[in-house]
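Participant: Got a structure for you, written out below as structure tokens; questions coming shortly.
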Amino acid sequence: AQKVTQAQTEISVVEKEDVTLDCVYETRDTTYYLFWYKQPPSGELVFLIRRNSFDEQNEISGRYSWNFQKSTSSFNFTITASQVVDSAVYFCALSGYNNNNDMRFGAGTRLTVKP
Amino acid sequence: DGGITQSPKYLFRKEGQNVTLSCEQNLNHDAMYWYRQDPGQGLRLIYYSQIVNDFQKGDIAEGYSVSREKKESFPLTVTSAQKNPTAFYLCASSTTGEGYEKLFFGSGTQLSVL
Chain B
58 AQKVTQAQTE ISVVEKEDVT LDCVYETRDT TYYLFWYKQP PSGELVFLIR
108 RNSFDEQNEI SGRYSWNFQK STSSFNFTIT ASQVVDSAVY FCALSGYNNN
158 NDMRFGAGTR LTVKP
Chain A
247 DGGITQSPKY LFRKEGQNVT LSCEQNLNHD AMYWYRQDPG QGLRLIYYSQ
297 IVNDFQKGDI AEGYSVSREK KESFPLTVTS AQKNPTAFYL CASSTTGEGY
347 EKLFFGSGTQ LSVL
């Protein structure tokens, strides 16, 4: 069975601080995909990144970076120099190779960035 | 602009009543999904459809029903058999049913029981 754990329920930081959101996953598949989505107060989830299990390279996109480590089954997300607009709920998700129907979401981490 | 439209944004259900949540997409996506979000929990899959006139149950389909008569539309009915319907419902779509495709989401419907 696939499972995603986001142990941090809520995080609060002050603007310009760096913050890391943790994601640990479980799967028996050798090929799988990991995602991060952002849910702002408006409600819709917005795609941030997709990573397949064969690609362990870390990725940086502006102030966002992702650290994928298969050895620890983790896919952590770091926001550098956080801004108030980063306040949202962030979800980590795991999907099998064959279809999206078994996509599993973590419980989400609510990030509040205070001015 | 292409996207997914969910309506209404807020919905109230009376005891014993069936209610229908609308989901329309103009992204030309084949696959569509319904998720339920409860506070402090991740999204759970209710139903999904990979092609018109075909749909499959997800993890928590009991008390829900769907139809897929058109590619663009995937309405969800919350029936009276669903005893705990209060939740935030999200509709999503993707280009195919394969695992590497990202999901596009609507802005959700908050359903509450009167």
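Protein sequences appear in the order of chains B and A.
Quick note on our numbering: the first sequence kicks off at 58 and runs consecutively.
Quick note on our numbering: the second sequence kicks off at 247 and runs consecutively.
Backbone N, C-alpha and C define an ideal beta-carbon position, used for all residues, glycine too.
Since the model is a prediction, treat every value here as computed from it, not as a measurement.
From this set, B/A150, B/R120 and B/V170, which residue's C-alpha is nearest B/V142's C-alpha?
Facilitator: Start at 1 with the first residue of the first sequence, and residue 142 of chain B comes out as number 85. Cα-wise, what sits closest to B/V142 is B/V170.
Participant: Could you give the first and the last residue of the continuous beta strand (DSSP E) run that contains B/L78?
Facilitator: Residue numbering aside, residue 78 of chain B sits at position 21 when the first sequence is read from its first letter. Its beta strand (DSSP E) spans residues V76 to L78.
Participant: List, in chain order, every chain B residue whose beta-carbon is nearer than 7 Å to that of A/Y294.
Facilitator: In the second sequence, the residue the question calls residue 294 of chain A occupies position 48. Those are N158, listed as they occur along chain B.
Participant: Starting from A/G354, find everything on chain B with Cβ-Cβ shorter than 7 Å and list it in chain order.
Facilitator: Taking the first residue of the second sequence as 1, we reach residue 354 of chain A at position 108. Residues of chain B passing the Cβ test: G100 and E101.
Participant: On a Cα-Cα basis, can you pick out the residue from B/Y94, B/D112, B/I117 and B/A138 that is closest to B/K127?
Facilitator: If you number the first sequence from 1, residue 127 of chain B lands on position 70. Taking only the C-alpha atoms, the option nearest B/K127 is B/D112.
Participant: Across which residues does DSSP place B/A58 in a beta bridge pair?
Facilitator: Along the first sequence, one-based indexing puts residue 58 of chain B at 1. In the DSSP output, where bridge partners are listed per residue, B/A58 has none listed.
Participant: Mind pulling the chain A residues with CB within less than 8 Å of B/A138?
Facilitator: Here the question's residue 138 of chain B lines up with position 81 in the first sequence. In chain order: nothing, as chain A lies at least about 26 Å away.
Participant: Is there contact here, the region 262 to 278 of chain A with the region 308 to 320 of chain A, by at least three beta-carbon pairs under 8 Å?
Facilitator: Cβ pair count under 8 Å is three or more, so yes.
Participant: Under 8 Å Cβ-Cβ, which residues of chain B neighbour A/K348?
Facilitator: The residue labelled residue 348 of chain A in the question sits at position 102 within the second sequence. The contacting residues are F92, F104 and R107.
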